Amino acid sequence: MRFLNPDDALPHGTVTLANTDDVAAHADALREAPAVSLHFPKWVDGRAYSQAVVLRGRLKYAGEIIATGEVMLDMLPLLRRCGFDAAQLVAGQNMAAADRALGFFPGHYQADPHRSVHA
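Whatever position you read off the sequence shown (first residue = 1), add 763 for my numbering.
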């Protein structure tokens, strides 16, 4: 997972969606987009997780999915599991702590819908 600082620009051509947007309704515009930014207005609002799962699972989106907004370190493992490739960290968080956060949960009780159990 790639980490961005709050003042880092998003990649050129990134489509930004609010967490209230229906990603399926934007499928045609997203097909050609190199990246999609999904916004977390508050860390307790998890709708962007669902948007990422729809993008990866149903729409087969292969570009970069970036989490923006109030992204907290303890969210990083689930962000990665839901299909996010990058996260724009909030001010005051450091990259080393973000890397450590990805190892918070080494295993999962539920199967990963993005990986075959037979692989």
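Each residue gets a CB set at the ideal place from its N, CA and C atoms; glycine is no exception.
Keep in mind it's a predicted model, so treat the numbers as computed, not measured.
In terms of DSSP beta bridges, what is residue i paired with?
i	result
Ser800	Thr779, Ile829
Gln814	Bridge partners of Gln814: none, in fact.
Phe726	What is shown of the chain runs 764 to 882, which leaves residue 726 out entirely.
Ala708	An answer regarding residue 708 cannot be provided, because it is not within the stretch 764 to 882 covered by the chain.
Measure the Cβ-Cβ separation of residue i and residue j and say whether it is below 7 angstroms.
i	j	result
Ala825	Phe766	no
Pro706	Gly776	The structure shown does not extend to residue 706, since the chain spans only 764 to 882, so no value can be given for it.
Ala815	Leu836	no
Ala854	Leu842	no
So residue i and residue j are in contact, right, with Cβ under 8 angstroms, and what is the actual spacing, rounded?
i	j	result
Ala859	Met764	With 8 angstroms as the limit, Ala859 and Met764 do not qualify as a contact, their Cβ atoms being about 14 angstroms apart.
Leu822	Ala787	7 angstroms
Asn768	Ala811	The Cβ separation is near 19 angstroms, so there is no contact.
Using the C-alpha atoms, what's the distance from residue j back to residue i?
i	j	result
Gly866	Pro840	7 angstroms
Val799	Leu780	7 angstroms
Asp808	Phe847	16 angstroms
Asp771	Asn857	14 angstroms
Leu818	Leu852	21 angstroms
Asp784	Glu827	18 angstroms
His789	Gly820	15 angstroms
Ser813	Asp791	19 angstroms
Ala882	Cys845	Only weak support is given to the placement of Ala882: the predicted model assigns it a pLDDT of 37, under 50, and the question is left unresolved by the model.
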